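Engineer: Sharing a structure, written as structure tokens. Questions coming.
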Amino acid sequence: MNRNKVIIRTSIIGILANVFLAAFKALVGFFTNSIAISLDAVNNLSDALSSVITIIGTKLAGRRPDKKHPFGHGRIEYLSAVTISVIVLYAGISALVESIKKIITPEAPDYTPVALIIVAVAVLVKIVLGTYVRRTGIKVNSDSLVASGKDALLDSVISASTLVAAGIYLIWGISLEAWLGAVISLIIIKSGIDMLREGISSIVGERVDSELTNGIKKTILQFEDVRGVYDLILHNYGPDSYIGSVHIELPDTYTMNQLDRLERDIADAVYCEHKVIMSGIGIYSACSDGSKAEEVMIDIRKTVMKYQYVLQLHGFAFNEDEKEIRFDLVIDFAAPDRVALYQQIIDEVQNKYPGYKLRATLDTDFSD
154 MNRNKVIIRT SIIGILANVF LAAFKALVGF FTNSIAISLD AVNNLSDALS SVITIIGTKL
214 AGRRPDKKHP FGHGRIEYLS AVTISVIVLY AGISALVESI KKIITPEAPD YTPVALIIVA
274 VAVLVKIVLG TYVRRTGIKV NSDSLVASGK DALLDSVISA STLVAAGIYL IWGISLEAWL
334 GAVISLIIIK SGIDMLREGI SSIVGERVDS ELTNGIKKTI LQFEDVRGVY DLILHNYGPD
394 SYIGSVHIEL PDTYTMNQLD RLERDIADAV YCEHKVIMSG IGIYSACSDG SKAEEVMIDI
454 RKTVMKYQYV LQLHGFAFNE DEKEIRFDLV IDFAAPDRVA LYQQIIDEVQ NKYPGYKLRA
514 TLDTDFSD
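For the record, in the sequence shown the residue sitting at position 331 is 484 according to this note's numbering, with numbers rising by one throughout.
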């Protein structure tokens with residue numbers, strides 16, 4: 154499956170459907186004097202524009218890496234999602250202004266059976282379109298398509314609400330057009346803000362899905378002699394485009410030749426199974442001689458893990474000849490002060506082993 158072709162094809166379907174709906178709703182809104190239906194037509198046009206932006210973003214993001222952008226252009230898709238959210242937000246604010254004007258100077262609508270049928274059909278079309286676009290977006294991991302799909306499903310609710318307002322007016326003679334338009338505008342504004350927040354979060358950098366990180370660790374642990382996998386960091390350069398690094402724990406008897414072969418084998422396996430490029434694989438050496446090292450490790454682990462917010466101790470190394478103890482600490486982001494907690498732990502361990510040089514690294518909880 155060609156991901157870019159699927160996104161472009163889905164976006165084209167969205168453009169055609171939205172332009173078609175916008176044209177009919179604009180005519181209905183004009184002849185019935187309905188501000189709600191007219192705003193719904195404008196919203197359809199903004200959806201069509203969103204699909205155009207999705208196509209442009211996908212084309213630009215699909216360009217090959219070059220000297221200036223060696224990691225490719227995949228992050229442009231995130232900018233596309235942000236642009237779409239800004240358009241939705243602008244449409245909502247503009248609609249709210251128009252609705253307030255109609256509240257101040259109201260005009261009675263004039264519904265016809267044909268107009269109501271057209272709006273009802275539009276509701277069904279939007280439900281089908283929104284579901285299709287959103288599911289496709291999830292399938293190909295496209296934030297822009299997911300955003301467009303959510304917006305289309307929201308449109309179906311908005312269109313359905315205009316039918317409710319029409320029913321109230323025809324039965325009881327109460328016109329809620331302007332007020333409904335205001336409510337619709339607020340819903341659109343909220344949707345735009347939520348979409349903008351999600352887009353910015355993707356650009357800033359989010360925690361990688363645990364299913365992927367756990368899958369990579371499981372792949373690496375399948376190799377003989379790998380005793381632990383730690384510090385997995387994945388850098389995202391667009392949907393489904395990751396470059397990562399990791400630490401593995403191995404017996405300290407490994408030769409350089411063995412390390413070289415193992416690192417290459419691990420990188421190949423991770424790419425084949427998960428399509429992630431491992432740019433660096435660090436090594437933690439596990440002591441293979443003497444019970445003294447194991448005794449110290451168990452004691453320090455017991456001391457460290459009693460603290461709240463400490464998630465993990467790894468990379469432990471003990472050298473009796475050089476009087477050196479090394480290990481890494483992973484402290485939860487939820488800790489009020491990670492640095493202060495780290496220092497408190499180090500002070501306690503140092504007091505227990507005053508004759509040793511302590512080299513403890515404060516690690517970040519990058520992945521599950």
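Beta carbons are placed, not taken as given, at the ideal position from N, Cα and C, and that holds for glycine.
Predicted model only: the values in this text are computed from it and were never measured.
Straight-line CA distance for Ile311 to Trp325?
Structural biologist: 21 Å
Engineer: Expressed to the nearest angstrom, what Euclidean distance is found between the alpha-carbon atoms of Phe173 and Ala331?
Structural biologist: 25 Å
Engineer: How is Asn197 classed by DSSP in three states: helix, strand or coil?
Structural biologist: Note: Asn197 maps to helix in three-state DSSP.
Engineer: Can you tell me which of Ile478, Leu180, Asn196 and Phe224 puts its alpha carbon nearest to the alpha carbon of Leu511?
Structural biologist: Ile478
Engineer: Please determine if the region 411-428 and the region 451-465 are in contact, where contact requires at least 3 C-beta pairs separated by less than 8 Å.
Structural biologist: no
Engineer: Can you give me the Cβ contacts of Ser204 inside the same chain, cut-off strictly under 8 Å, excluding the 5 residues immediately before and after it?
Structural biologist: Ser164, Ile165, Gly167, Ile168, Asn171 and Ser301
Engineer: Relative to the C-alpha of Asn197, which residue among Gly435, Ala176, Ser247 and Gly182 is closest?
Structural biologist: Ala176
Engineer: Taking C-beta to C-beta, are Ile434 and Glu447 nearer than 7 Å?
Structural biologist: no
Engineer: Can you name the start and end residues of the alpha helix (DSSP H) that Arg479 belongs to?
Structural biologist: From DSSP, Arg479 is part of no alpha helix (DSSP H) but of the beta strand (DSSP E) over Glu477 to Ile484.
Engineer: Given 8 Å as the limit, is there contact between the region 363-371 and the region 209-218, that is, 3 or more CB pairs closer than that?
Structural biologist: As far as the Cβ criterion goes, the region 363-371 does not touch the region 209-218, which means the pair count is below three.
Engineer: Along the chain, where does the alpha helix (DSSP H) that runs through Ala335 open and close?
Structural biologist: Here the alpha helix (DSSP H) through Ala335 covers Glu330 to Val357.
Engineer: Among Leu323, Met348 and Ala313, which one has its Cα closest to the Cα of Gly334?
Structural biologist: Ala313
Engineer: Determine contact between the region 333-350 and the region 230-244, defined as no fewer than three beta-carbon pairs at a distance below 8 Å.
Structural biologist: yes
Engineer: In chain order, what residues of the same chain lie with their CB nearer than 6 Å to the CB of Lys178, ignoring the 5 residues before and after it?
Structural biologist: Ile190, Asp193 and Ala194
Engineer: Drop a sphere of 10 angstroms on the beta-carbon of Asp490, count the other beta-carbons inside from all chains shown, and report buried for 16 or more, exposed for fewer.
Structural biologist: exposed
Engineer: How about Leu269 and Ala319: are their beta carbons less than 7 Å apart?
Structural biologist: yes
Engineer: The beta strand (DSSP E) that contains Thr514, what's its start and end?
Structural biologist: Note, Thr514: beta strand (DSSP E), Lys510 to Asp516.
Engineer: Should Leu323 be labelled buried (16 or more other beta-carbon atoms within 10 Å of its own) or exposed?
Structural biologist: Burial is judged here by how many other beta carbons sit within 10 angstroms of a residue's own beta carbon; Leu323 has fewer than 16 and is exposed.
Engineer: Would a C-beta distance cut-off of 7 Å place Ser199 and Ala273 closer than the cut-off?
Structural biologist: no
Engineer: State the DSSP-derived secondary structure class of Pro404, mapped to helix, strand or coil.
Structural biologist: Three-state DSSP puts Pro404 in a strand.
Engineer: Closer than 8 Å is the cut-off here; do at least three beta carbon pairs connect the region 381-390 with the region 219-232?
Structural biologist: yes
Engineer: Val449 and Phe471: beta carbons closer than 7 Å?
Structural biologist: Yes; because the gap between Cβ atoms is below 7 Å, this pair is in contact.
Engineer: Hey, would you say Ile160 sits closer than 7 Å to Leu298, going by beta carbons?
Structural biologist: yes
Engineer: Under three-state DSSP, which class holds Phe184?
Structural biologist: Phe184: helix per DSSP, three-state reduction.
Engineer: If we ignore side chains and look at the alpha-carbon of each, how far apart do Ser252 and Thr185 end up?
Structural biologist: 16 Å
Engineer: Run the CB neighbour count on Gly508, radius 10 Å, all protein chains shown included, and call it buried at 16 or more, exposed below.
Structural biologist: exposed
Engineer: Are the Cβ atoms of Glu402 and Arg380 separated by less than 7 Å?
Structural biologist: yes
Engineer: Report the residue from Thr265, Ala488 and Ile229 whose alpha carbon sits nearest the alpha carbon of Leu180.
Structural biologist: Thr265
Engineer: Output needed for Lys445: all residues of its chain with C-beta closer than 8 Å, excluding positions within five of it in sequence on either side, in chain order.
Structural biologist: Annotation for Lys445: Phe471 and Glu473 place their beta carbon closer than 8 Å to its own, counting only its chain and skipping 5 residues before and after.
Engineer: Report the rounded CA-to-CA distance for Lys476 versus Phe469, giving the unit in angstroms.
Structural biologist: Lys476 and Phe469 have their alpha carbons spaced roughly 14 Å apart.
Engineer: Compute the distance between the beta-carbons of Ala248 and Ser338, then report whether it is under 7 Å.
Structural biologist: In contact: Ala248 and Ser338 (Cβ atoms closer than 7 Å).
Engineer: Buried or exposed for Arg287, going by 16 or more other Cβ atoms inside 10 Å?
Structural biologist: buried
Engineer: Quick one: Cα of Val492 to Cα of Val293, how far?
Structural biologist: 40 Å
Engineer: Just how far apart, CA to CA, sit Leu214 and Lys221?
Structural biologist: Checking the displayed sequence, the identity of residue 214 turns out to be Ala instead of Leu. One alpha carbon belongs to Ala214, the other to Lys221, and they sit about 14 Å apart.
Engineer: Taking the beta strand (DSSP E) that Asp468 falls in, what are its first and last residues?
Structural biologist: Correcting the residue identity first, residue 468 is Gly in this sequence and not Asp. Val463 to Asn472 is the extent of the beta strand (DSSP E) around Gly468.
Engineer: Can Tyr437 and His400 be called in contact, C-beta distance under 7 Å?
Structural biologist: Closer than 7 Å, so yes.
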